[in-house]
Amino acid sequence: MKKYRCTICGYIYDPSLGDPENNISPGTDFNDLPDSWVCPLCGAMKDEFEAEE
Amino acid sequence: MEPKEIKENIFWMGAIDWDRRLFDALIPIPDGTSYNAYMIYGKDKTVLLDTVDPSMSGVLMSKLEHVKNIDFIISHHAEQDHSGTIPEVLAKYGTAQVIASSKGKPMLVDHLHIPGDRIITVEDGATLDLGGKTLEFIYTPWVHWPETMVTYLREDKMLFSCDLFGSHLALSELYCTEEWKVCEAAKRYYAEVMMPFRTNIKKHLEKLEKYATDIIAPSHGPLYNDTECIIRSHKDWVSDSVHNKVIIPYVSMHGSTQLLVDHLTDALTVRGITVERFDLTVTDLGKLAISLVDAATMIVGSPTVLTGAHPIVISAAFLANALRPKLKFASIIGSYGWGGKMIEDIQKTIPNLKVQMLEPVLIKGKPDSQAFSALDKLADEIAAKHHEINIR
Numbered sequence: 001m002k003k004y005r006c007t008i009c010g011y012i013y014d015p016s017l018g019d020p021e022n023n024i025s026p027g028t029d030f031n032d033l034p035d036s037w038v039c040p041l042c043g044a045m046k047d048e049f050e051a052e053e
Numbered sequence: 054m055e056p057k058e059i060k061e062n063i064f065w066m067g068a069i070d071w072d073r074r075l076f077d078a079l080i081p082i083p084d085g086t087s088y089n090a091y092m093i094y095g096k097d098k099t100v101l102l103d104t105v106d107p108s109m110s111g112v113l114m115s116k117l118e119h120v121k122n123i124d125f126i127i128s129h130h131a132e133q134d135h136s137g138t139i140p141e142v143l144a145k146y147g148t149a150q151v152i153a154s155s156k157g158k159p160m161l162v163d164h165l166h167i168p169g170d171r172i173i174t175v176e177d178g179a180t181l182d183l184g185g186k187t188l189e190f191i192y193t194p195w196v197h198w199p200e201t202m203v204t205y206l207r208e209d210k211m212l213f214s215c216d217l218f219g220s221h222l223a224l225s226e227l228y229c230t231e232e233w234k235v236c237e238a239a240k241r242y243y244a245e246v247m248m249p250f251r252t253n254i255k256k257h258l259e260k261l262e263k264y265a266t267d268i269i270a271p272s273h274g275p276l277y278n279d280t281e282c283i284i285r286s287h288k289d290w291v292s293d294s295v296h297n298k299v300i301i302p303y304v305s306m307h308g309s310t311q312l313l314v315d316h317l318t319d320a321l322t323v324r325g326i327t328v329e330r331f332d333l334t335v336t337d338l339g340k341l342a343i344s345l346v347d348a349a350t351m352i353v354g355s356p357t358v359l360t361g362a363h364p365i366v367i368s369a370a371f372l373a374n375a376l377r378p379k380l381k382f383a384s385i386i387g388s389y390g391w392g393g394k395m396i397e398d399i400q401k402t403i404p405n406l407k408v409q410m411l412e413p414v415l416i417k418g419k420p421d422s423q424a425f426s427a428l429d430k431l432a433d434e435i436a437a438k439h440h441e442i443n444i445r
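So the sequence lines, in the order shown, correspond to chains A and B. Residue numbers for the first sequence follow my numbering, beginning at 1 and rising by one. Residue numbers for the second sequence follow my numbering, beginning at 54 and rising by one.
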C-alpha cells in the first residue's frame, strides 16, 4: 500500500498508521478512504493527494 | 453596555471592538469588528454560546454581572477570539460545563488549559433540551479549523454559525440595514479566513440548507434577519464559477513594470475584461484577498531586485497561494536590468494555485513597442481563455 502526500500542505497519509483521530483504522489503503475524508492538517480533499514514489 | 435582546430569552452578549484595525496581525479591518457571544435562557437550563476575545473579557463579564447561573458554555470554535474568556466564565460559575465537538475538547485544553473534566463533548446532530428551547449541534469542520461546529435553535429557527457568515464590522445595532456595507465586510472575512476551505464550506451550505432559518447569528459582525443575501453571496463565492476579471498585484521600482501594468490594464479593458490592480506597496491586503475570491486570472507584476522577485511581491504571492483562490489562469510580467530569476521566484511561491500558466512577459529595461505587442498578445490570450470557459 502506497503512502500519499497532500499537495497543499505536505501531510503524508501512511496507510500503516491510518488516521485514528478521524476513525480511519491502521491498514486502510488510501483508495479505500471515504470520499468525505479530508487532509487532517489542512482540510484538502482526497483529489489534492498524490501517490508517493 | 447591557445585553441586547434578540428574541424572548435570547440575548447578544458580545463586545464591539470599534478601534481594532488589523486581524491575525495580517489583514486590515477598516471597520473594526465584534466578538459575539449569545445567551439563551430555557425553562430549565441557561446556556452561553461562545465568549469574547480576552482583550475584551471585561465587557462580557460586566454583562454577566446579574446572571446568577450558567449551566453550559458552548464552544463552537477553540480560537481565542471566541474561547479566550471561557476560563474566566468557568471561574465565576463553578458548576458550569463547556460543550465542544470531539476535536474541540483537546484544543480547548491545549490553547486555554481548561481542565478536561469541565468539558463535555457532543457528536454531530446531538441535541440539548434547555426546557422549551432545543439546541442541535451541527459539525461543520474546517470553517475554519478542524473542530468547528454550529448550533441550530429549533423553536426560534436561529442558526448560531460562529465564524461562518461572519464579518469584520463594528456596529451599534444588531442588524446592518445597509446591505453593501455588510456584504463587503463579509467578503473580506470570507476571503482571509474561509477561502482555503471553499470545498468544505460548499458541503456545509448544502447541509445547512435543510434548516429553516429566520436569523443567522455569527460570531463576528452583525446578525442577519434577512438571510437571503449572505447565503446567496456565499454560494457564489464557494461555487466553481469565476468572474470575467483579471487582478494585477504588482510592484514597480523605476517605472518599467508600471508601464507594463498600465498597458496591460488598458489592453484588457478594451477587450471587455474587468481589471482590478494593486500597487502592493500601498495596497490593503484585504482588498487583494477580496478580489481573489472570484477573479478568473491573476497577472503578477514584479521588477527584479537583488537578482530576484521583489520581496513584497513574494509576500503577496505567498498569501494568494495560502488562500487557494479558484483562479483559472495566471501569468507574470515584469522587468529586469541585466538578469535574474524573478519569474522562477514567483512560480515557486504559488504551487497551490491550480491554474494554467500563460506565457510570461519579461522585459529588459524600459518597455518598447515590442514589449507592448507581447502584452497585447497576452491580453488576447486571456480574452480567448475566458471565452473558452464561458465567462464574458
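Glycine included, every Cβ here is placed at the ideal spot set by N, Cα and C. Predicted model only: the values in this text are computed from it and were never measured.
Taking residue i as the reference, which of the options has the closest Cα?
i: B:GLU208; options: B:HIS273, B:LYS186 and B:ALA436; result: B:LYS186
i: B:ALA179; options: B:LEU161, B:LYS158 and B:ILE152; result: B:ILE152
i: B:ASP170; options: B:HIS130, B:GLY147 and B:CYS282; result: B:GLY147
i: B:PRO83; options: B:THR193, B:GLY274, B:LEU313 and B:GLU226; result: B:GLY274
i: B:ILE126; options: B:GLY111, B:MET92 and B:GLU132; result: B:MET92
i: B:GLU434; options: B:ILE365, B:SER422, B:VAL299 and B:ASP337; result: B:VAL299
i: B:SER240; options: B:ASP347, B:PHE331 and B:LEU258; result: Here the sequence assigns Lys to residue 240 of chain B, which means Ser is not the residue at that position. For B:LYS240, the nearest C-alpha among the options comes from B:ASP347.
i: B:LEU338; options: B:TYR205, B:LYS379, B:MET395 and B:VAL246; result: B:VAL246
i: A:CYS9; options: B:GLU237, B:HIS135 and B:PRO249; result: B:PRO249
i: B:PRO413; options: B:HIS440, B:LYS401 and B:LEU431; result: B:LEU431
i: B:GLY137; options: B:GLU118, B:ILE123, B:VAL112 and B:TRP65; result: B:VAL112
i: B:TYR448; options: B:ALA436, B:PRO81 and B:HIS439; result: Because chain B spans 54 through 445 in this model, residue 448 of chain B falls outside it and cannot be assessed.
i: B:THR350; options: B:VAL335, B:GLY361 and B:ALA373; result: B:ALA373
i: B:SER110; options: B:VAL100, B:HIS130, B:VAL235 and B:LEU143; result: B:LEU143
i: B:GLU189; options: B:ARG324, B:LEU102, B:TYR228 and B:LEU117; result: B:LEU102
i: B:LEU222; options: B:PRO107, B:ARG74, B:HIS130 and B:TYR192; result: B:ARG74
i: A:GLU21; options: A:CYS6, A:ARG5 and A:CYS39; result: A:CYS39
i: B:ALA362; options: B:LYS263, B:LEU415 and B:SER115; result: B:LEU415
i: B:ILE399; options: B:GLU441, B:THR360 and B:ARG285; result: B:THR360
i: B:TRP65; options: B:THR252, B:LEU258, B:ILE269 and B:LYS260; result: B:ILE269
i: A:GLY27; options: A:ALA44, A:SER16, A:CYS42 and A:ASP47; result: A:SER16
i: B:VAL120; options: B:ASN62, B:VAL162 and B:PRO107; result: B:ASN62
Along the alpha helix (DSSP H) that carries residue i, what are the first and last residues, could you check?
i: B:LEU345; result: 338-345
i: B:PHE371; result: 364-376
i: B:ARG302; result: Sequence inspection shows Pro at residue 302 of chain B; the Arg mentioned does not correspond to that position. Element bounds for B:PRO302: not the alpha helix (DSSP H) but the beta strand (DSSP E), 296-303.
i: B:VAL246; result: Counting along the chain, B:VAL246 falls outside any alpha helix (DSSP H), and DSSP gives it neither H nor E.
i: B:GLU262; result: Premise fails: B:GLU262 is in no alpha helix (DSSP H) and is neither H nor E.
i: B:LEU117; result: Element bounds for B:LEU117: n/a, residue is neither H nor E.
i: B:VAL100; result: Per DSSP, B:VAL100 belongs to no alpha helix (DSSP H); it is in the beta strand (DSSP E), 99-102.
Should residue i be listed as close to the ligand NAP, given that the test is whether its C-beta is under 8 Å from any heavy atom?
i: B:LEU312; result: Judged by which ligands are present, the structure shown has none, so any question about the ligand NAP falls away.
Is the Cβ of residue i closer than 9 Å to any Cβ of chain A?
i: B:PRO404; result: yes
i: B:PRO194; result: yes
i: B:ASN443; result: no
i: B:ARG377; result: yes
i: B:ASN253; result: yes
i: B:PHE218; result: no
i: B:PRO199; result: yes
i: B:PHE371; result: no
i: B:PRO249; result: yes
i: B:LYS156; result: yes
Does residue i pass the burial test, meaning 16 or more other C-beta atoms within 10 Å, or should it be called exposed?
i: B:ASP216; result: buried
i: B:TRP71; result: exposed
i: B:ALA78; result: exposed
i: A:SER25; result: exposed
i: B:MET410; result: exposed
i: B:LYS145; result: exposed
i: B:TYR228; result: exposed
i: B:GLY308; result: exposed
i: B:VAL366; result: buried
i: B:ASN443; result: exposed
i: A:ALA51; result: exposed
i: B:ILE172; result: buried
Would you say residue i faces chain B, with C-beta separation under 9 Å as the test?
i: A:PRO40; result: yes
i: A:GLY27; result: no
For the beta strand (DSSP E) that contains residue i, what are its first and last residues?
i: B:CYS215; result: 211-215
i: B:VAL323; result: Taken as a continuous stretch (DSSP letters only), B:VAL323 belongs to no beta strand (DSSP E), being part of the alpha helix (DSSP H) at 309-323.
i: B:LYS417; result: 414-417
i: B:GLY354; result: 348-355
i: B:SER128; result: No beta strand (DSSP E) contains B:SER128, which DSSP labels as neither H nor E.
i: B:TRP65; result: 63-65
- Message: Closer than 7 Å between beta carbons: that is the criterion. Which residues of the region 2-25 of chain A meet it against chain E?
- Response: In the structure shown, chain E cannot be found, because the protein chains are A and B.
- Message: Quick check on the DSSP output: what are the complete beta strand (DSSP E) runs of length 3 or more inside the region 1-39 of chain A, in order along the chain?
- Response: Entirely contained in the region 1-39 of chain A, the beta strand (DSSP E) runs reaching 3 residues are, in chain order, 4-6.
- What are the uninterrupted segments assigned as beta strand (DSSP E) that are 3 or more residues long and contained completely in the region 385-429 of chain B, given in chain order? Listed in chain order, the beta strand (DSSP E) runs fully inside the region 385-429 of chain B are 414-417, counting runs of at least 3 residues.
- Task: Just list the alpha helix (DSSP H) runs in the region 131-167 of chain B, keeping only unbroken ones of 4 residues or longer that don't cross its boundaries, in chain order.
- Result: Secondary structure remark: continuous alpha helix (DSSP H) runs of at least 4 residues inside the region 131-167 of chain B, in chain order: 133-136, 139-145 and 157-165.
- Message: Report the start-end ranges of each beta strand (DSSP E) in the region 169-202 of chain B that is 3 residues or longer and not cut off at the edges.
- Response: Listed in chain order, they are 172-175, 180-182 and 187-192.
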